[in-house]
Amino acid sequence: MRRANAFGSIATAKRAFGSALLAGCVACSQAASRTNQALTLAPAAAPTAETAEDISFVLADERLPSGRFTLSNGIKVTRSDWPALVFAKFGEASCSGALIGPNILLTAAHCVEDKRGKLREAALKRFGSRYPMACERHPAYVRRPPAKDASAPRGAEDYALCVIDYRGDAPQAIAALRVEVLDTTSTLARKDRVLLTGYGCIDTRIVNRKVVSTASANILRIGDASIARAPTRRLSDGAYVLIDSRGKPTPALCPGDSGGPMFVGASQLDQKGARRIVGVNSAIAPGATGRSDHIVSKISATGTAAFRQWVKDWQGRNANHAKIVCGVTRDAGTFPCRS
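Numbered per mature numbering (1 follows the signal peptide of the UniProt record, and there is no 0), the sequence shown spans residues -31 to -1, 1 to 308.
Following this line, the structure appears as structure tokens:
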């Protein structure tokens, strides 16, 4: 199993993913192993010199050119429709995420871990300024032992929430953003339609039962998909939503799009709908058929009881720093939460 990062089309969705040739970070095929390392979130630390183990996210307007762009299948993407998406590159790896509050970032737990399983120095960069973040991973994820495959997340509870320390008020451009809304109550079911987002690679395939991908620095993708397996409490990986991808072009996720959001309420043709985050890109694995174009995408669902309780506890511990969490402490449609 590999960590997740961009994608193409999903046969079960019966629609091809579009790929926009937009400037950005490189897809990731490299990931860190992890050990048990818990964190109690505290006020963000002072900035430090950045190293290869650090991770710094930037907003879409610093990665993507302005205006409207046509995807390869004719779908159009407008940068201003996705202002709260963030992208990061660290070493040879990359991750995505989304702002769900002016100073709150949702991403994958394995994105904020280093090769030893310890929390990275994390930050949001904004036009040369670096604002440190304090991140916390889901406790069930932290309790799991490291995966044998160093490139695999250690478990299905692959969530991280980060508080950004602006050392004062948020920059004006960030304070004015309409940010994404987290959905912790919707129960996803098989065949439900979702919208996936990814950023990084242009091709994924199975070679000798291993995931192989082609990295690209210039790809943003969105795509309609259909859920093959909903979350279930009966399995050890039950927090995962599974999407079964077969056929060409490439499937839902590929190494490097980890942390990107999965949405309901929007589609390729209606990107500005009342979209809500219902999952976090986590991993991919070869499909059971062994075919080169059969890949299973794994997305950590946010509508589970375990996620809801964690978010509630996390916000309670960090109430002074996490006052606005869209979908948790503030309703959709109430600024800065998108409608």
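We put the CB at the ideal spot given by N, CA and C, even for glycine.
P115 carries a coil assignment under DSSP once its states are collapsed to helix, strand and coil. Taking a cut-off of 8 Å for Cβ pairs, the region 106 to 115 and the region 44 to 55 do not touch, as fewer than three such pairs fall below it. Collapsing the DSSP output to three states places V297 in coil.
Judged by DSSP in its simplified three-state form, K94 adopts strand. For V27, the uninterrupted beta strand (DSSP E) segment begins and ends at I24 to L28. The closest CA to that of E126, considering only G272, G302 and A62, is found on G272. When DSSP reads this structure, V132 sits in a beta bridge with I73 and A103.
Secondary structure at D193: strand, using DSSP grouped into helix, strand and coil. In the DSSP annotation of this structure, the continuous segment of the alpha helix (DSSP H) that includes K281 starts and ends at A274 to R286. DSSP places A57 in the uninterrupted beta strand (DSSP E) bounded by L54 to F59. Partner residues in the beta bridge of Y209, as assigned by DSSP, are S269. Here DSSP, grouped into helix, strand and coil, assigns E31 to helix. Following the DSSP letters along the chain, one finds Q141 inside the alpha helix (DSSP H) bounded by residues Q141 to A144. Where K45 is concerned, the enclosing beta strand (DSSP E) starts and stops at K45 to T47. The region 141 to 160 makes contact with the region 269 to 286, as at least three CB pairs between them are under 8 Å. In this structure, L130 sits away from I246, with a CB-CB distance that is not shorter than 7 Å.
Check the Cα spacing between R136 and each of G167, G124 and M102: the tightest is with M102. Of the other Cβ atoms in all chains shown, 16 or more fall within 10 Å of the Cβ of A92; this residue is therefore buried. S65 sits away from R48, with the two beta carbons spaced by 7 Å or more. The C-alpha of P71 is placed about 10 Å away from the C-alpha of Q141. Taking C-beta separations shorter than 7 Å and ignoring five residues to either side along the sequence, the partners of R299 in its chain run I293 and C306, following chain order. Per DSSP, the continuous beta strand (DSSP E) segment holding V233 begins and ends at P230 to V233.
Residue environment: F96 is assigned as exposed (fewer than 16 neighbouring CB atoms within 10 Å of its CB, all protein chains considered).
V148 sits close to L68, with the two beta carbons spaced by under 7 Å. At least 7 Å separates the beta-carbon of G242 from that of M231. For N250 against G234, the beta-carbon gap comes to about 18 Å, at or over 8 Å, which does not count as contact. With fewer than 16 other CB atoms across the displayed protein chains lying within 10 angstroms of its CB, D239 is exposed. In the assembly as shown, R190 is a buried residue. Its beta-carbon has 16 or more other beta-carbons within 10 Å.
In the structure shown, A78 falls within a helical segment according to DSSP collapsed to helix, strand and coil.
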